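Taken in order, the sequence shown gives residues 961 to 1291; the numbers are from the numbering used here. Note that CB positions come from ideal geometry on N, CA and C, so glycine has one too. Please read these numbers as outputs of a predicted model, since none were measured by experiment.
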Amino acid sequence: MEGCNGIGRHLAHRLVHDGETVIDVPAKLSAQVRVFATGNGRKTDPVDAHSVALAALHAPNLRRVEADPELVALGMLADRRDELGRARTETLCRLHRLLELVPGGAKQFLSARQAREAIASILPRDAAARVRLRLITELIEDLETIDRKTKAADKELRALVLERGSTLMDLHGIGPSGAARLLADTGDIGRFATRDRFASWNGTAPLDASSGDQQRHRLSRAGNRKINRALHIMAIVQLRNHTAGRVYYDTRRAGGKTSMEALRALKRRLSNTIYTRMLADQQRRELAGPGGQSGTTPDSSVTGSNPRTGPSDKPHPGPTNKASSAPTPTS
């Protein structure tokens, strides 16, 4: 199957559950087969199926899909947590629109308790004001419900992430939701030969956009956007605090990078750190075996557990050999 970690994930897991052997075929392999086949590379369902089958037969070392119930559960809960976050944002937007009764309006980052305090002294004088106040009260109740569900979801996600032996939440800027998303969408971190390929998959590896004597890279819009979002949140949290990530960002800015270029470099560096941490967690989990306990972890600095970690401006990688447990510098 093609796209077993994307749109085809649910079908792939269903087939595995039914006892079928499912092989994940990268889209680039099937595209190459289609280009060199008869039919001028036209893309139809029968041609796609034939191309995927040929690629699976002739390409070595393709990944066999294994549905891990723990990761499936983490993925569903992470999706639910994202939905709650979007629902809270929508509810707050509606609440701000109706809070015209409050002199000067309400603050941007508003909690349910603050909203109740803001309308506590308001006395509606006409029918419109009474209806507005009633709608505000209902939205505040909705906000309180969403906050309770969010808190419960975070608690459950934290327990599941720790039960799996992951130490991602030790990294500054990663909470239960981000850790669950990283674990669920990445699956087997060993399927990425190097941290460069992991960065290419999550969209933090820049694309080469050089022309003539001008050497430059541009932002990649490809990759897993949910993982990219988790990395972006992690970067923003680190920038708002005195962290190694903030120091790295300031260093890149002092070196002549624009703010966006420095942020892009920081996200790539964080991708390297996460790759190293997830690889160490998985190796420790495999050594511990079923029911084993996780041990100590390496330094959680933004520069990664390897002090020789180099700059993070490397574009999409070319073919490389299988990496060892200690990734090599990218510079």
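- Of all alpha-carbon atoms in 1023, 1219, 1007, 1122, the one lying nearest the alpha-carbon of residue 1034 is that of 1122.
- When Cβ pairs closer than 8 Å are counted between the two stretches, the stretch 1223-1230 is seen to touch the stretch 1157-1169, the count reaching three or more.
- Residue 1176 carries a coil assignment under DSSP once its states are collapsed to helix, strand and coil.
- A straight-line Cα-Cα distance of about 23 Å links residue 969 and residue 1044.
- Per DSSP, residue 1129 lies in no alpha helix (DSSP H) segment and is marked neither H nor E.
- When only Cα atoms are considered, residue 964 and residue 1025 end up about 8 Å apart.
- Looking at the DSSP output, residue 1023 shares a beta bridge with 984.
- By the Cβ-count criterion, residue 990 is buried, with 16 or more other Cβ atoms from all chains shown falling within 10 Å of its own Cβ.
- Annotation for residue 1034: the continuous alpha helix (DSSP H) segment containing it runs 1029-1058.
- Taking residue 981 as reference, the option from 1036, 1148, 971 with the minimal CA-CA separation is 971.
- Only buried fits residue 1144, as 16 or more other CB atoms lie within 10 angstroms of its CB.
- By the Cβ criterion, the stretch 1154-1162 is not in contact with the stretch 1094-1111, since fewer than three pairs of Cβ atoms, one from each stretch, lie closer than 8 Å.
- If you compare the alpha carbons of 1086, 1066, 1087 with that of residue 1079, the shortest gap goes to 1066.
- In this chain, the alpha helix (DSSP H) harbouring residue 1246 covers 1219-1248.
- Scanning its chain for C-beta atoms nearer than 7 Å, with the 5 sequence neighbours on each side dropped, one finds around residue 1014 the residues 993, in chain order.
- Of the residues 961, 1129, 1050, the one whose Cα lies closest to the Cα of residue 1099 is 1050.
- Residue state for residue 1008 is assigned as helix, using DSSP reduced to three classes.
- It is roughly 16 Å from the alpha-carbon of residue 1196 to the alpha-carbon of residue 1234.
- Excluding five sequence positions before and after residue 1151, the CB atoms of its chain that fall closer than 7 Å to its own CB belong to 1023, given in chain order.
- Going by DSSP, residue 1077 is part of the alpha helix (DSSP H) stretching over 1072-1079.
- Residue 1194 is positioned such that its CB atom lies closer than 8 Å to that of residue 1138.
- By the C-beta density criterion, residue 1077 is exposed, having fewer than 16 other C-beta atoms within 10 angstroms.
- Apart from sequence neighbours up to five positions away, the residues of its chain that approach residue 1110 with a beta-carbon distance below 6 Å are 1044, ordered along the chain.
- Within the same chain, and ignoring the five residues on either side of residue 1133 in sequence, the residues whose Cβ sits closer than 6 Å to its Cβ are 1194, 1197, 1198.
- Apart from the 5 residues on each side of it in sequence, residue 1224 sits with its Cβ closer than 7 Å to the Cβ of 1166, 1179 in its chain, given in chain order.
- Looking only at 973, 1239, 1007, the smallest Cα-Cα distance to residue 1127 is reached by 1239.
- As a beta-bridge residue in DSSP terms, residue 1171 pairs with 1174.
- Going by beta carbons, residue 976 and residue 1027 fall inside the 8 Å limit.
- Exposure of residue 967 is indicated by the presence of fewer than 16 other C-beta atoms within 10 angstroms of its C-beta.
- Around the beta carbon of residue 1218, fewer than 16 other beta carbons sit within 10 angstroms, so the residue counts as exposed.
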